């Protein structure tokens with residue numbers, strides 16, 4: 013008889029029996045966890061890290077350290093983060109997602125986050141985003157130690173004097189109003205400013221100096237499928253991204269708009285029928301930053317099809333709003349043929365979704381454009 017454990021049960025053994033840092037939230041968990049682990053490594057704390065995506069700096073989704081520190085993602089999707097009792101809990105943001113596990117109730121999801129932060133060990137702290145109203149709502153009732161970060165001027169850790177070049181931001185990091193120094197990010201997207209602030213706040217709680225924070229963040233190469241630039245070939249940039257929620261789609265396309273030297277062409281594969289049903293209207297207005305959109309069929313992720321919940325239905329919604337020119341593609345081959353005709357020099361082609369669309373991105377970049385992954389990605 014071989015015992016079968018849920019992944020979160022094993023993770024709980026590590027988080028609960030060491031100095032655990034559990035990163036929760038609808039978006040940004042992977043990047044924030046990766047940044048925090050890299051900073052702690054640079055600061056000499058030699059952490060263990062367990063991440064939901066492959067981290068380029070570690071060439072892995074995990075890092076084995078010798079110290080007592082463990083940084084890990086805490087997933088709310090099936091209540092599994094309630095198994096964790098961390099020293100530090102991080103909440104990046106809260107939006108409606110995975111509501112099939114919460115009887116369709118956003119209030120139940122919020123209540124579960126409120127339960128999660130009560131699991132922080134005595135003497136520990138909650139690091140939370142002060143820019144997010146839903147996070148603020150649950151934090152208002154929390155009586156333990158709490159550290160706020162965000163663009164919000166009243167946060168403990170905030171970013172000012174923001175500048176950007178091709179979507180990559182620089183900012184001055186303030187700690188309770190005092191300037192620590194300049195932070196330079198090479199991971200595109202304004203949302204990564206918030207992720208960096210969260211990671212910096214965690215590091216400061218653990219005594220890491222600013223120099224280690226700035227050096228680690230400047231060297232952060234990103235996580236796989238988080239605005240991952242596969243490369244540039246024939247002067248066309250190809251990006252692979254995990255975005256599968258309307259907010260993530262907007263953030264990814266906003267970053268692509270700043271990054272691109274030409275047009276932005278988006279290819280999106282909806283993930284799960286239940287998610288598309290719940291967010292159909294939100295998805296329909298989330299592609300406005302693109303110049304052209306190609307839609308693939310829904311990736312079911314084990315779900316049964318739902319009547320009327322299709323990529324074709326989403327196409328109709330988008331066309332009704334005249335947000336962006338959109339084509340519905342039934343096959344990968346159709347996507348590739350359209351891209352051959354559509355993409356021009358200077359354009360950025362962004363593949364988004366949590367299904368198997370990443371395979372299509374690589375076929376396009378390597379076989380159609382003749383690129384080699386990891387080269388010319390500038």
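Numbering (the numbering used here), first residue to last: 13 to 390. No residue lacks a Cβ here, since even glycine has one placed at the ideal position from N, Cα and C. For clarity, every value in this text was computed on a predicted model and none was experimentally measured.
- Measuring C-alpha to C-alpha distances from residue 197 to each of 372, 363 and 43 identifies 43 as the nearest.
- Exclusion of the five residues before and after residue 299 leaves 261, 265, 278, 280, 305, 330, 335, 336 and 338 as the residues of its chain whose Cβ lies within less than 8 angstroms of its Cβ.
- For residue 185, the pairing in a beta bridge is given by DSSP as 171 and 193.
- In the DSSP assignment, residue 211 falls within the alpha helix (DSSP H) that extends over 203-217.
- Shortest Cα-Cα distance from residue 232 to any of 54, 21, 39 and 15 involves 54.
- If you ignore the 5 residues before and after residue 178, its C-beta comes within less than 6 angstroms of the C-beta of 271, all in its own chain and listed in chain order.
- Counted as a single uninterrupted DSSP element, the beta strand (DSSP E) harbouring residue 253 occupies residues 248-253.
- Here residue 125 really is in contact with residue 106; their C-beta atoms are around 6 angstroms apart, less than 8 angstroms.
- Inter-residue distance for residue 161 and residue 206 is about 8 angstroms (C-alpha atoms, whole angstroms).
- Sorting 135, 291, 356 and 173 by C-alpha distance to the C-alpha of residue 116 places 291 at the top.
- For residue 277, the enclosing beta strand (DSSP E) starts and ends at 276-280.
- Exposure of residue 166 is indicated by the presence of fewer than 16 other C-beta atoms within 10 angstroms of its C-beta.
- With three or more CB-CB distances shorter than 8 angstroms, the stretch 185-200 counts as touching the stretch 218-232.
- Distance from the CA atom of residue 226 to the CA atom of residue 209, rounded to whole angstroms, is 11 angstroms.
- When 46, 38, 32 and 112 are compared, the shortest CA-CA separation from residue 101 is found for 32.
- For the 8 angstroms CB-CB criterion, residue 109 and residue 38 form a contact.
- In the three-state DSSP reduction, residue 127 falls in the helix class (H, G or I).
- For residue 156, there is no enclosing beta strand (DSSP E), as DSSP marks it with neither H nor E.
- DSSP lists 253 and 280 as the bridge partner or partners of residue 364.
- Nearest C-alpha to residue 310 among 27, 256 and 248: 256.
- Considered as a whole, the stretch 27-102 harbours 41-54 as its complete alpha helix (DSSP H) runs of no fewer than 4 residues, in chain order.
- Under the criterion of beta carbons closer than 8 angstroms, residue 98 and residue 34 qualify as touching, at roughly 4 angstroms.
- For residue 370, the three-state secondary structure derived from DSSP is helix.
- The beta carbon of residue 24 sits closer than 6 angstroms to those of 95 and 96, all from its chain and outside the five residues before and after it, given in chain order.
- A direct Cα-Cα distance of roughly 20 angstroms separates residue 372 from residue 275.
- Just so you know, the alpha carbons of residue 88 and residue 64 end up roughly 13 angstroms apart.
- Cβ neighbours of residue 74 within its own chain (closer than 7 angstroms, five residues either side excluded): 61, 62 and 63.
- Per the coordinates, the alpha-carbon of residue 144 lies some 18 angstroms from the alpha-carbon of residue 214.
- When secondary structure is reduced to three states using DSSP, residue 109 falls in the coil class, being assigned neither helix nor strand.
- About 6 angstroms separates the CB atoms of residue 380 and residue 352; that is less than 8 angstroms, so the two are in contact.
- Taking all protein chains shown into account, residue 18 has fewer than 16 neighbouring C-beta atoms within 10 Å of its C-beta and is therefore exposed.
- Nearest to residue 246 by C-alpha distance, out of 47, 314, 376 and 77, is 376.
- In the structure shown, the three-state DSSP call for residue 139 is strand.
- Listed in chain order, the non-local C-beta contacts of residue 180 below 6 angstroms within the same chain comprise 197, 198 and 200, local neighbours out to five positions each way being set aside.
- Straight-line spacing of the CA atoms in residue 159 and residue 140 works out to 6 angstroms.
- Inter-residue distance for residue 56 and residue 170 is about 24 angstroms (C-alpha atoms, whole angstroms).
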